[in-house]
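S.K.:
In my numbering, the protein residues as written are 1 to 142.
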């Protein structure tokens with residue numbers, strides 16, 4: 001991975017983490033009062049917040065590792081490759097959980113048909129990601 005690509009990935013991951021924080025705030029602002037009044041499923045609401053937390057921190061960890069890759073000559077190539085692979089895995093985990101959040105929120109508010117459609121699309125994404133990811137992960141030589 002080149003230094004420029006790694007630096008760009010740092011920025012992309014930070015932007016996705018910031019988006020996750022905005023979505024987290026949105027969930028709290030609109031759904032927390034409904035949670036307190038018992039209008040939404042308490043377990044699903046908390047699950048949505050946990051899913052957003054995992055996504056946010058996955059993108060933050062990806063940013064940290066991509067930053068390590070962008071250091072160029074300050075670290076050896078084997079370490080840079082290891083950081084790139086870890087960053088890619090954290091990024092994928094963040095995307096998986098970021099795309100799961102709408103499903104959980106829709107189930108939380110009781111829109112079962114729409115939530116089921118989103119969940120089916122998420123499962124399709126999951127299948128696609130796990131099938132393609134090993135071929136495109138950084139540092140792969142096979």
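Where is the CB? At the ideal position from N, CA and C, for every residue including glycine.
1) Output the distance between the C-alpha atoms of residue 55 and residue 92, rounded to the nearest integer angstrom.
2) How is residue 75 classed by DSSP in three states: helix, strand or coil?
3) Is the separation between the beta-carbon of residue 90 and that of residue 61 shorter than 8 angstroms?
4) Would residue 38 be called buried (16 or more neighbouring beta carbons within 10 Å of its own) or exposed?
5) Nearest-angstrom Cα distance between residue 125 and residue 79?
6) Report the option in 109, 88, 24 whose CA atom is closest to the CA atom of residue 156.
7) Locate the alpha helix (DSSP H) running through residue 44, then write down its first and last residues.
8) Confirm, please, whether the CB-CB distance from residue 45 to residue 108 is below 8 angstroms.
9) Give me the Cα-Cα distance between residue 123 and residue 81, rounded to the nearest whole angstrom.
10) Contact check, residue 94 vs residue 59 under 8 angstroms by CB: the rounded distance?
11) Within 10 angstroms of its Cβ, does residue 83 collect 16 or more other Cβ (buried), or is it exposed?
12) Quick one: what's got a C-beta closer than 6 angstroms to residue 47's C-beta in the same chain, skipping five residues either side?
13) Applying the criterion that 16 or more other CB atoms from any shown protein chain within 10 Å of the CB defines a buried residue, is residue 118 buried or exposed?
M.R.: If we stick to the structure as given:
1) For residue 55 and residue 92, the distance between alpha carbons rounds to 9 angstroms.
2) Residue state, collapsed to three classes: coil.
3) Yes. Within cutoff.
4) Taking a 10 Å sphere around the C-beta of residue 38, we find fewer than 16 other C-beta atoms and assign the residue as exposed.
5) When the Cα atoms are used, residue 125 and residue 79 turn out to be separated by approximately 30 angstroms.
6) Outside the shown range of the chain (1 to 142) lies residue 156, about which nothing can therefore be said.
7) Per DSSP, the continuous alpha helix (DSSP H) segment holding residue 44 begins and ends at 42-69.
8) Contact flag set, yes.
9) If I take the Cα positions, the gap works out to 30 angstroms.
10) Contact between residue 94 and residue 59 holds, with the beta-carbon distance rounding to 4 angstroms and staying under 8 angstroms.
11) Classified as buried, residue 83 has 16 or more neighbouring CB atoms from the shown chains inside 10 Å of its CB.
12) The answer, listed in chain order, is 104.
13) Classification of residue 118: buried, given that the 10 Å Cβ count is 16 or more.
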